[in-house]
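Enquirer: Residue numbers (the numbering used here): 81 to 534.
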Ligand SMILES: Cc1cc2nc3c(=O)[nH]c(=O)nc-3n(C[C@H](O)[C@H](O)[C@H](O)COP(=O)(O)OP(=O)(O)OC[C@H]3O[C@@H](n4cnc5c(N)ncnc54)[C@H](O)[C@@H]3O)c2cc1C
């Protein structure tokens with residue numbers, strides 16, 4: 081029987097980052113990964129991370145002719161009719177995912193973490209009803225590992241979290257088909273050098289974007305949709321009718337999904353932590369989850385390392401600061417953004433164009449906040465200005481009353497979500513009462529899947 085301090089399930093970005101942070105504090109970590117070392121991280125080619133996040137999370141830098149694909153600064157987001165651009169100022173680094181994950185695995189290994197590939201989590205080990213480790217299978221053989229904490233970083237399948245008994249302390253829901261964002265990436269070559277891409281463009285209305293790909297003549301055309309890839313294709317066709325793209329040839333197409341739902345109310349239980357896509361820690365505006373998860377994992381590592389130093393069983397009560405500190409650092413803002421976006425996207429193309437023209441919701445400030453994971457703040461003066469503009473829009477027949485109602489409901493829900501998460505319980509005792517309020521709130525918001533291109 082193996083014995084470690086921490087067992088991590090899943091060796092991609094979330095699992096590797098947590099393993100490194102635990103191992104560098106001198107604690108033992110075993111990471112089990114279902115895939116072979118060669119196939120790990122190949123579900124996507126290019127992914128992006130804001131350049132500032134490398135310093136923020138002390139991440140290893142990608143290198144030319146290896147995992148680094150490109151770096152670019154600045155971007156613009158346009159209305160449904162390709163007008164009224166808003167700036168998105170960040171500098172972004174594009175990387176080849178499987179190579180960067182290999183770098184992260186090595187980075188964690190250098191600190192002492194041990195990786196086992198082709199090893200699939202099967203179940204938890206319990207003693208007196210509390211988790212004390214897990215069972216995994218490798219080459220048809222069962223292995224038991226005692227661990228003080230099992231961290232589920234297994235992505236959307238959430239293999240460990242879903243295996244928790246009902247009432248253990250972390251919800252064991254499956255991330256359903258309607259709770260995922262379906263992303264299709266077209267890797268294309270542009271025919272005319274005049275069109276080569278140097279930064280990024282986005283069209284919020286179609287959830288569509290154009291980004292560099294790494295080589296000068298190539299670009300990535302991405303589209304995301306709430307229901308299915310087919311829905312994304314329909315939206316992409318509508319986008320191409322409305323927005324004139326450069327002439328291109330498709331090199332290849334990639335598809336994948338990302339969680340698009342609220343995270344579990346608690347990330348911790350006795351001997352257990354969930355993070356990454358398994359905890360739905362993706363940006364509500366873009367579905368990006370790599371460094372969004374690290375906000376929580378950085379806190380988690382600090383708390384867990386301290387508890388390991390103190391000794392004793394790692395209970396839910398002792399892990400609770402992970403919940404409270406994460407909610408304050410990012411969870412509250414993400415909840416507000418999610419609740420706002422449910423209403424703010426329910427418009428026609430003409431209405432979206434009007435909003436961009438008049439900086440109603442879709443302003444430089446909003447895109448900066450979405451990019452940085454900050455709360456969407458609409459001070460009283462700004463609300464009054466938007467109300468006057470919208471009244472004018474209704475008067476001139478450019479806006480429907482129902483759209484304004486839905487937009488206002490979205491903004492109101494955003495504020496309610498932030499207030500709800502601002503009252504997140506500081507310890508376990510207020511949790512059950514808080515969940516009842518939270519359930520009622522999210523039910524009243526409706527579903528993200530309801531908002532699509534009209
Ligand atoms: C098309 C697309 C583009 C994206 N682009 C970006 C981007 O540019 N920037 C960004 O930040 N985010 C992006 N995202 C989101 C991002 O990919 C995810 O949020 C992030 O990769 C999740 O990391 P993770 O480590 O939580 O999970 P995963 O990367 O899914 O890793 C989970 C790991 O767990 C392993 N596992 C599963 N089951 C078991 C088991 N039973 N036992 C052991 N191991 C198991 C899996 O094999 C896998 O290696 C994109 C998503 C998509 C679909």
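Idealized CB from N, CA, C, for every residue including glycine.
As the structure is a prediction and not an experimental result, all values here were calculated from the model.
Counting only the same chain and skipping the five closest in sequence on each side, list residues whose C-beta sits under 7 Å from that of residue 127.
Expert: What you label residue 127 is simply residue 47 of the chain shown in a count that begins at 1. Closer than 7 Å at Cβ, skipping near neighbours: 175, 177, 370.
Enquirer: For residue 267, list the residues DSSP reports as bridge partners.
Expert: Taking the chain shown and counting its residues from 1, the one referred to as residue 267 is at position 187. Answer by DSSP bridge pairing, in chain order: 300, 332.
Enquirer: Straight-line CA distance for residue 301 to residue 311?
Expert: If you number the chain shown from 1, residue 301 lands on position 221. If you number the chain shown from 1, residue 311 lands on position 231. C-alpha separation (whole angstroms): 16 Å.
Enquirer: For residue 101, count neighbouring Cβ atoms within 10 angstroms of its own Cβ and tell me buried if that reaches 16, exposed if not.
Expert: The residue labelled residue 101 in the question sits at position 21 within the chain shown. The residue is buried, with at least 16 neighbouring Cβ atoms inside 10 Å.
Enquirer: Tell me whether the region 337 to 354 and the region 274 to 291 touch, counting them as touching only if at least three CB pairs, one residue from each stretch, are closer than 8 Å.
Expert: No contact exists between the region 337 to 354 and the region 274 to 291.
Enquirer: How big is the Cα-Cα spacing for residue 266 and residue 429?
Expert: As a working mapping, residue 266 is identified with position 186 in the chain shown. As a working mapping, residue 429 is identified with position 349 in the chain shown. Rounded to the nearest angstrom, the two C-alpha atoms are 23 Å apart.
Enquirer: Since residue 155 is in the beta strand (DSSP E), which residue starts that stretch and which ends it?
Expert: Position 75 of the chain shown, counting from 1, holds the residue named residue 155. Counting along the chain, the beta strand (DSSP E) containing residue 155 begins and ends at 155 to 158.
Enquirer: Grab the span of the beta strand (DSSP E) containing residue 174 for me, first residue to last.
Expert: Position 94 of the chain shown holds residue 174. Run containing residue 174: 171 to 176, per the beta strand (DSSP E) assignment.
Enquirer: Between residue 497 and residue 419, is the Cβ-Cβ spacing less than 7 Å?
Expert: Locating residue 497 in the chain shown gives position 417, counting from the first residue. Locating residue 419 in the chain shown gives position 339, counting from the first residue. Yes, these two residues count as a Cβ contact at 7 Å.
Enquirer: For residue 338, which option in 257, 402, 297 has the closest C-alpha, if you only look at C-alpha atoms?
Expert: Numbered from 1 along the chain shown, position 258 holds the residue referred to as residue 338. Of the listed residues, the one whose Cα sits closest to residue 338 is 257.
Enquirer: Tell me the DSSP secondary structure of residue 231 in three-state form.
Expert: Taking the chain shown and counting its residues from 1, one reaches residue 231 at position 151. Strand, per DSSP.
Enquirer: With a threshold of 8 Å, are at least 3 pairs of Cβ atoms found where one atom belongs to the region 310 to 329 and the other to the region 181 to 198?
Expert: With a cut-off of 8 Å, the region 181 to 198 and the region 310 to 329 do not count as touching, because too few Cβ pairs lie within range.
Enquirer: Using DSSP's beta-bridge definition, name the partner residues of residue 249.
Expert: As a first step, residue 249 must be located in the chain shown, where it is residue number 169. The partner list for residue 249 (beta bridge, DSSP) is empty, contrary to what the question assumes.
Enquirer: Would you report the Cα separation of residue 480 and residue 400, rounded to the nearest angstrom?
Expert: Here residue 480 corresponds to residue number 400 of the chain shown, with the count starting at 1. Here residue 400 corresponds to residue number 320 of the chain shown, with the count starting at 1. If you take the alpha carbons of residue 480 and residue 400, they lie about 46 Å apart.
Enquirer: Using a Cβ-Cβ cut-off of 6 Å (strictly less than) and excluding sequence neighbours within five positions of residue 221, which residues of its own chain qualify?
Expert: Here the question's residue 221 lines up with position 141 in the chain shown. Hits under 6 Å: none found.
Enquirer: For residue 236, name the three-state secondary structure that DSSP assigns.
Expert: Translated into positions along the chain shown, residue 236 becomes position 156. Residue 236 falls in the coil class under three-state DSSP.
Enquirer: Measuring straight from C-alpha to C-alpha, what distance separates residue 223 and residue 360?
Expert: In the chain shown, residue 223 corresponds to position 143, counting from 1. In the chain shown, residue 360 corresponds to position 280, counting from 1. Rounded to the nearest angstrom, the two C-alpha atoms are 28 Å apart.
Enquirer: Consult DSSP for residue 407 and reduce its assignment to one of helix, strand or coil.
Expert: By one-based count along the chain shown, residue 407 stands at place 327. Three-state result, residue 407: helix.
Enquirer: What three-state label does DSSP hand residue 533 in the structure shown?
Expert: The residue you call residue 533 lines up with position 453 of the chain shown. At residue 533, the pLDDT of 40 sits below 50, so the modelled position is not reliable and the matter cannot be decided from this model.
Enquirer: Comparing C-alpha positions only, which one of 330, 334, 472 sits nearest to residue 262?
Expert: Taking the first residue of the chain shown as position 1, residue 262 is located at position 182. Of 330, 334, 472, the residue nearest in Cα terms is 334.
Enquirer: For residue 533, count neighbouring Cβ atoms within 10 angstroms of its own Cβ and tell me buried if that reaches 16, exposed if not.
Expert: Position 453 of the chain shown, counted from the first residue, corresponds to residue 533. The predicted position of residue 533 is uncertain, since its pLDDT is 40 and thus under 50; no value can be drawn from it.
Enquirer: Please work out which residues of its chain come closer than 6 Å, Cβ to Cβ, to residue 213, disregarding the five sequence neighbours upstream and downstream, and give them in chain order.
Expert: Taking the chain shown and counting its residues from 1, one reaches residue 213 at position 133. So the qualifying residues of the chain are 205, 225, 226, 227.
Enquirer: Leaving out five residues before and five after residue 94 in sequence, what residues of the same chain have Cβ atoms less than 7 Å from its Cβ?
Expert: By one-based count along the chain shown, residue 94 stands at place 14. Counting only Cβ-Cβ distances below 7 Å, and skipping sequence neighbours, we find 233, 355, 356, 373, 377.
Enquirer: Exposed or buried, which one is residue 531 when buried takes at least 16 other CB atoms within 10 Å?
Expert: Position 451 of the chain shown, counted from the first residue, corresponds to residue 531. With a pLDDT of 44 at residue 531, under the threshold of 50, the modelled position of this residue cannot be trusted, and the question is left open.
Enquirer: Can you tell me where the beta strand (DSSP E) holding residue 113 begins and where it ends?
Expert: In the chain shown, the residue the question calls residue 113 occupies position 33. Segment 109 to 113, the beta strand (DSSP E) holding residue 113.
Enquirer: From 502, 501, 432, 236, pick the residue whose C-alpha is nearest to that of residue 470; which is it?
Expert: In the chain shown, residue 470 corresponds to position 390, counting from 1. Out of 502, 501, 432, 236, 432 has the C-alpha closest to the C-alpha of residue 470.
Enquirer: I'd like to confirm the pairing. Which residues does DSSP put opposite residue 205 in its beta bridges?
Expert: Within the chain shown, the letter at position 125 stands for residue 205. Answer is 213.
Enquirer: For the beta strand (DSSP E) holding residue 281, just list the boundary residues, first then last.
Expert: In the chain shown, the residue the question calls residue 281 occupies position 201. Taken as a continuous stretch (DSSP letters only), the beta strand (DSSP E) holding residue 281 covers 280 to 283.
Enquirer: Would the region 104 to 122 and the region 135 to 149 be scored as touching if the rule is three or more Cβ pairs under 8 Å?
Expert: Counting Cβ pairs under 8 Å, fewer than three are found: no touch.
Enquirer: Mind checking whether the beta-carbon of residue 388 lies closer than 6 Å to any heavy atom of ligand 1?
Expert: Counted from its first residue, the chain shown places residue 388 at position 308. No, since every heavy atom of ligand 1 falls outside the 6 Å radius drawn around the Cβ of residue 388.
Enquirer: Relative to the C-alpha of residue 345, which residue among 489, 252, 148 is closest?
Expert: Residue numbering aside, residue 345 sits at position 265 when the chain shown is read from its first letter. Closest by alpha carbon: 252.
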